[in-house]
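Numbering (the UniProt record's numbering), first residue to last: 1 to 1075.
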């Protein structure tokens, strides 16, 4: 085996030691050990193979190939040496020789999976995709459990936009190795490309849980979050792009000697804003520069590409614009900030995007330079069909290919009559591409004389419309407030947000998205159709009188064609400045298009033209309220009323504003005055009813809703609100009919569906109730709802669980988990191989010891291991078909952990013991839940009649910051014993409850915990009690040892307390549990 060595044992030992060092990545030491063996005559092929592998790992490619060639010379059938030599030759760029080596390896050993894998990689690099796929598939036939090959095949499919096949390949990789971080990452990319954002996020977070410093994942997750509008977390993660620890980072930190601005005060400081990535990024985010100056900067400088300098010098607040060339030095500054970090540092959310345009303007000298140089006549439309190739940046270049077209793709547009097309395309390939078009369809091309973006801006200023793929021209035209149509790839850039055809960044821009990956034909067809309308409208508008324009604009407005209406109005507004009708209508269009700042400007112009224009003052109030300026909004509405005291809309809008400010009495006066003037306004009757209902004035609210429905019988909001009134009055049948009526008119009214679910459950109609209750986590909810966990596996819909794994996910409050954890053992009985429960930390010690629970994990989807299914806790009754007769009511189903019992034994006073809880858990961030909590909770002093019942030791089970202050309001002799300051979790509370004889509580988690422990429990329930206690019952099938004491009148707790007091005085004789 080892040449001519006298001491064979020593040689074997040396080789074994070298193999061990190689395994520890100590390649230099391994080579040093191998040196004497390499000098042997003849040298051993295995020694040469190992030495070559060490050299390859040390990037000594020429040495590696030399050793492998020597090994092959010694052993011509050395399959591994051929395969490894191919790897070295591929690294040296000698691809044909590498292919020959891989083929030789496979000739020697047709079942060498590694050679097929390497051949697949080589073919993928050469663009021989079909052969690459075949090679990978041969490898997987030989080694089906090779996760890396599944990933390689997935990447191959992904690059061909064969996304379902790529997804399947990555899932196959994860089936073999659930901790394959690259498979999780790539799966996330493919899911995002298919617009499956929740699943993609879960995959990214799973990858980060496995490798927290995986920067590519962080940046992709940032893009995803920004894409779905979760800007705050997205901007924070986006800062990863220049992390010094990321060796392949896309952005270098600014090369200046001053600290990076982290958001600290700027007053009196100097700040340098540094560019990054493409021109489009600078054009989009330079809008933030005036906001920086407004923070008190002494000096604001921006460094930029020379082609942007002249344009950026026009931005308000910029003191210096420094071109990045060899002729200009960068002066010192106090702070520096990257351009695309400005949204993060300034706390931009979806609601606060600074969308006012234009924020760039054309220099007068450039406007003069280009005046008269464009063709006369027709509607002028600028075209851009391709981005900027960057062959030195493979990832960016791949995106550019997806977003770019060939000029010939625009042929259908170029055939639309009545339009003069201009090319705004720049680059070496522009003229050759234009030359491929029929001569009569070639756009006018002025770009050979364009020196910089200021020139391009001057050209765009003279156009009526810009049609462009997603390039810097889209941002330039948007920043100039020019109507812009952007052709976007299927997996569009994060900045355009998901599933929108408008953008808050550029109010005058419109998105035309691919409906399928890589398919531009449908996009071009839609753009062509819209361009035809645009051309006809523009042609008609050019011959109209101002009055005709106005009437046409009104027609467009009434038919919800707001952009067209604005296009008709703008020439007249610019020419006939004294026409307030037009500016007011333009404001209405702008408001409908979400351009509140534009609307405000138009309305200010309107009241300048006509100071008696009450409609404009009223509309200005609406706009100012949207812009978060309620004081100015109130002034505007009052000005409208002062101008026209009988302006019903102004009174109504003032009422809405005052109500939002908590000034209910004033709001009511304004509502009623508005209704005096406009008694048939159904919406206002409904709004007044809602405000009265919030004050508990139910009969008056009912009257308002009935009036609303008399005017508009199918008004879903009034049906819904009247249904709530009836539900709170226990008029269940009437309430049900109203909810169903609302849903008949508006089937997607989630609030009505959820309330109907609660009502049906309260009346024992479980089958339909549970089904409707599933709407609680519908993605269409805006707020105050249950969010489904971002987990990368299927939601359980009731499928067979035999041999499967399932994770149960918590929701809403602790009480929900305590009530429905009774279903966890049932999952195990259904055959689940693994039942995992995600729960809040305070629940863990109780839940983890339940029968059938295999694991208890934190409720964090980012660290949840893969399972076959997930299910929300409160969906379990639905999935298991629970009816009123089949409620699993066996108690106790929770027990006190053994380690808790010694800690609490003997700590409570002697005597009959009754636990008390008087309040729920306030949730100020969930308004509807907080409102319910206010109606179910009492003050501790309300329990004084109970605390005076002699012979009982009262124990507080109340937890929270207000507990001790409330106890201190009681007379000292009535204060309950309070052990709760030592309670760490629900297991401790359970240990206390176990020692009690009775628990008296409002409808909180304590009620469920005591019931689950089978402790006698009395629940004080509000008049419109929670659905789970069922209607008109003082017992509950959920907890056999529990008794309900319902309010007999809304809000009246005194009568309830009196009944409880009487029962408590009788209790020791008939209900006391032996100690």
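The beta carbon of each residue, even a glycine, is placed where N, CA and C say it ideally should be. These numbers were taken from a predicted model, which means no experiment stands behind them.
Checklist entry - DSSP on residue 1076, reduced to helix/strand/coil? => result This structure does not reach residue 1076, given that the chain is present from 1 up to 1075, and the question cannot be answered.
Next on the checklist: Comparing C-alpha positions only, which one of 830, 805, 943 sits nearest to residue 1055?
Outcome noted: Looking from the CA of residue 1055, the closest CA among 830, 805, 943 belongs to 943.
Item to check | Secondary structure, alpha helix (DSSP H): runs of 4+ residues fully inside the region 599-671 | outcome: 614-626, 630-643, 648-660
Checklist entry - Are three or more beta carbon pairs between the region 351-360 and the region 505-520 nearer than 8 Å? => result Contact between the region 351-360 and the region 505-520 is present: 3 or more CB-CB pairs across the two stretches fall below 8 Å.
Item to check | Whole-Å CB distance - residue 271 paired with residue 321, under 8 Å assumed | outcome: Actually they are not in contact, since the Cβ atoms of residue 271 and residue 321 sit about 14 Å apart, beyond 8 Å.
Checklist entry - Do the region 417-430 and the region 367-380 make contact, defined as three or more Cβ pairs closer than 8 Å? => result yes
Checklist entry - Would DSSP call residue 482 helix, strand or coil? => result coil
Item to check | Three-state class that DSSP yields for residue 940 in the structure shown | outcome: helix
Checklist entry - Under three-state DSSP, which class holds residue 463? => result coil
Checklist entry - If we call anything under 9 Å between Cβ atoms a contact, is residue 838 one with residue 821? => result no
Item to check | residue 4 - DSSP class collapsed to helix/strand/coil | outcome: For residue 4, the predicted model reports a pLDDT of 36, less than 50, meaning its position is unreliable and no value from the coordinates is stated.
Item to check | Nearest neighbour of residue 980, chosen from 974, 78, 972, 967 [CA to CA] | outcome: 967
Checklist entry - By DSSP, does residue 506 sit in helix, in strand, or in coil? => result DSSP places residue 506 in coil when its eight states are reduced to three.
Checklist entry - By how many angstroms is the C-alpha of residue 136 removed from the C-alpha of residue 458? => result 54 Å
Item to check | Expected contact under 8 Å - CB spacing of residue 826 and residue 880 to nearest Å | outcome: 6 Å
Next on the checklist: Using 8 Å as the cut-off, can you tell me whether the region 800-814 makes contact with the region 835-853, which would need three or more C-beta pairs spanning the two stretches below that distance?
Outcome noted: yes
Checklist entry - Alpha carbon to alpha carbon, how far is residue 523 from residue 363? => result 34 Å
Checklist entry - If you draw a straight line from the alpha carbon of residue 84 to that of residue 211, how long is it in whole angstroms? => result 29 Å
Checklist entry - Under 9 Å between the Cβ atoms of residue 1006 and residue 904? => result no
Next on the checklist: Could you tell me which whole alpha helix (DSSP H) segments of length 4 or greater appear in the region 30-114?
Outcome noted: 45-57, 61-74, 79-91, 95-108
Item to check | Supposed close pair residue 301, residue 319 - CB separation, criterion 8 Å | outcome: Yes, they are in contact, since the Cβ atoms of residue 301 and residue 319 sit about 6 Å apart, within 8 Å.
Checklist entry - Looking at C-alpha atoms only, which residue of 203, 540, 995 is the closest neighbour of residue 191? => result The alpha carbon of residue 191 has as its nearest neighbour, out of 203, 540, 995, the alpha carbon of 203.
Checklist entry - Using a Cβ-Cβ cut-off of 6 Å (strictly less than) and excluding sequence neighbours within five positions of residue 91, which residues of its own chain qualify? => result 61
Next on the checklist: Residues in the same chain with beta-carbon distance under 7 Å from residue 241, minus the five sequence neighbours each way, listed in chain order, please.
Outcome noted: Excluding positions up to five away in sequence, the list reads 219, 249, 250, 251.
Next on the checklist: Just verifying my parser: in three-state terms, what is the DSSP assignment at residue 1076?
Outcome noted: Because the chain in this structure spans residues 1 to 1075, residue 1076 falls outside the shown range and cannot be described.
Checklist entry - Among 177, 230, 986, 371, which residue has its Cα nearest to the Cα of residue 201? => result Among 177, 230, 986, 371, the Cα nearest to that of residue 201 belongs to 230.
Next on the checklist: Run through the DSSP bridge pairs and tell me what residue 834 is partnered with.
Outcome noted: 805
Checklist entry - Beta carbon of residue 286, beta carbon of residue 315: below 9 Å? => result For residue 286 and residue 315, yes; Cβs fall inside 9 Å.
Item to check | The alpha helix (DSSP H) enclosing residue 1006, as first and last residue numbers | outcome: 1005-1012
Checklist entry - Mind checking whether the beta-carbon of residue 196 lies closer than 8 Å to any heavy atom of the ligand PLP? => result Absence of the ligand PLP from the depicted structure is noted, as is the absence of any ligand whatsoever, leaving it without description.
Checklist entry - Do residue 465 and residue 569 have their C-beta atoms within less than 9 Å of each other? => result no
Next on the checklist: Extract the residue ranges of the alpha helix (DSSP H) inside the region 210-247, only unbroken runs of 4 or more that lie entirely within it.
Outcome noted: When DSSP assignments are scanned along the region 210-247, the uninterrupted stretches of alpha helix (DSSP H) that are 4 or more residues long and fall wholly within it turn out to be 215-227, 231-238.
Next on the checklist: Just to confirm my understanding: we take residue 163, look at its own chain, exclude 5 residues before and 5 after, and list those with CB closer than 7 Å. What are they?
Outcome noted: Excluding sequence positions up to five before and after residue 163, its CB lies within less than 7 Å of the CB of 190, 193, 194, 517, all in the same chain and listed in chain order.
Next on the checklist: Rounded to whole angstroms, what is the Cα-Cα separation between residue 1038 and residue 818?
Outcome noted: 11 Å
Checklist entry - Relative to the alpha-carbon of residue 1004, which residue among 921, 1013, 906 has its alpha-carbon at the smallest distance? => result 921
Item to check | Nearest-angstrom Cβ-Cβ length linking residue 915 and residue 853, presumed shorter than 8 Å | outcome: Not quite, the Cβ-Cβ distance comes to about 26 Å (not below 8 Å), so this is no contact.
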